[in-house]
Structures are given as structure tokens and as C-alpha cells.
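Residues 1083 to 1218 in the working numbering are what the sequence shown spells out, letter by letter. To keep things clear, I will list the structure first and then write my remarks on it.
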Amino acid sequence: MNSRILGVAAIAVAAPAVALMFSGPAQASSPNVVGQKYGDASTTLSGAGYTPVVRTTVGDRLAWSDCVVTNQVDHTEQPAPNSSGSAVNQTLVSLNCDAAVASAKAPGNSLGSPEGRAAAAAAKASTTPTPAAPAG
């Protein structure tokens, strides 16, 4: 009976130790910046210790700072062999630099798509005049 209890206790102690031994190092991830303008996303990533790197762009209608981040992937750039440098945490981003809504002169999201309808509604809301406060 005592040997059975010792066997169960040994397994109970060994199982977490083995799991800990085979687990990899904890990998933190960068803040989610998908949907933000690149100018804002770059500031957020830099503040969190990541170097933003533009991986791909679609369109050329906007300056990079106004382009929308559509995807992000974290990457650790290792230092050159035989150097005293350290690894650099990077976030590779993809940018959409087309207009928010397509027009006859500029490519962008179709008003038939959820993204286009949302962009048109946001643009309309930002241009709707606010009623003036009553005088008096």
C-alpha cells in the first residue's frame, strides 16, 4: 500500500517537471495594430519595443503614415554571426494605401462591401455639421 502511494506521489511530482522541461520559452507578442493608420501603429509598436517594418503595400494613393495596417507578423531578427549585436524584435506589417472608398478617379473599397459601407458611414459622420449651441 505504501509503495503504491509513493508511486502515485512520484508521478504527481514528475509530470509537471517534465512538462516544464519540454515547454519552450515564453514568446510575447506585439500590440495588435491591424486597422490603424501606419503613423499611429508605428508609434504604438515602437513604444512596446518593436521595430515596425513595412513588408507589403497595396495601392499608392496615400502617404505611408495614412495607410491602413491590414496584417502584422512578429519576427525576431538575429544578429550577424560572430557579432556582439543582439536580436531585434520586429513587426512586419502590410499596408493598404488605397482610398477608403473607391471613386471614379481613385481605387478603394467598394460601397457594396462591408468595409466600403463602414468607411462611407464614417466619412459621412465626420462631415455632418454639429448644430450650434443656442445663443443666450
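Even glycine gets a Cβ: it sits at the ideal position worked out from N, Cα and C. Since this is a predicted model, take the numbers as computed values, not measurements.
Q. Any idea which residues DSSP pairs E1197 with across the strands?
A. Taking the sequence shown and counting its residues from 1, the one referred to as residue 1197 is at position 115. The partner list for E1197 (beta bridge, DSSP) is empty, contrary to what the question assumes.
Q: Kindly indicate which three-state DSSP category S1166 falls into: helix, strand or coil?
A: The residue you call residue 1166 lines up with position 84 of the sequence shown. Coil, per DSSP.
Q) So, is A1123 buried or exposed, given that buried needs 16 or more other C-beta atoms within 10 angstroms? A) To locate residue 1123, count along the sequence shown from 1; it is residue 41. It is buried - the Cβ of A1123 has at least 16 other Cβ atoms within 10 Å.
Q: Classify V1115 as buried or exposed, calling it buried when 16 or more other Cβ atoms lie within 10 Å of its own Cβ.
A: Along the sequence shown, one-based indexing puts residue 1115 at 33. With 16 or more Cβ atoms within 10 Å of its Cβ, V1115 is classed as buried.
Q) Since V1136 and L1177 are thought to touch, with beta carbons under 8 Å apart, how far apart are those beta carbons, to the nearest angstrom? A) By 1-based counting over the sequence shown, the position of residue 1136 is 54. By 1-based counting over the sequence shown, the position of residue 1177 is 95. Right, the Cβ-Cβ distance comes to about 6 Å (below 8 Å), so this counts as a contact.
(Q) Could you tell me the alpha carbon to alpha carbon distance between W1146 and A1110, rounded to whole angstroms? (A) Locating residue 1146 in the sequence shown gives position 64, counting from the first residue. Locating residue 1110 in the sequence shown gives position 28, counting from the first residue. Straight-line Cα distance between these residues: approximately 27 Å.
Q.
Going by DSSP, what residue range makes up the beta strand (DSSP E) through A1181?
A. Taking the first residue of the sequence shown as position 1, residue 1181 is located at position 99. Its beta strand (DSSP E) spans residues A1181 to V1183.
**Q.** Helix, strand or coil at L1177 [DSSP, three-state]
**A.** Taking the sequence shown and counting its residues from 1, the one referred to as residue 1177 is at position 95. Strand at L1177.
Q: State the DSSP-derived secondary structure class of G1117, mapped to helix, strand or coil.
A: Along the sequence shown, one-based indexing puts residue 1117 at 35. G1117 carries a coil assignment under DSSP once its states are collapsed to helix, strand and coil.
Q. Is the CB-CB distance between V1151 and V1175 below 7 Å?
A. Here the question's residue 1151 lines up with position 69 in the sequence shown. Here the question's residue 1175 lines up with position 93 in the sequence shown. Annotated as proximal: V1151 and V1175, with beta-carbon spacing under 7 Å.
(Q) For a test of the three-state rule: what should DSSP assign to G1129, helix, strand or coil? (A) In the sequence shown, residue 1129 corresponds to position 47, counting from 1. Here G1129 sits in helix by DSSP.
Q) Going by the CB atoms, is the gap between D1148 and K1119 shorter than 7 Å? A) Counting from one through the sequence shown, the residue named residue 1119 turns up at place 37. Counting from one through the sequence shown, the residue named residue 1148 turns up at place 66. Yes, they are a contact pair.
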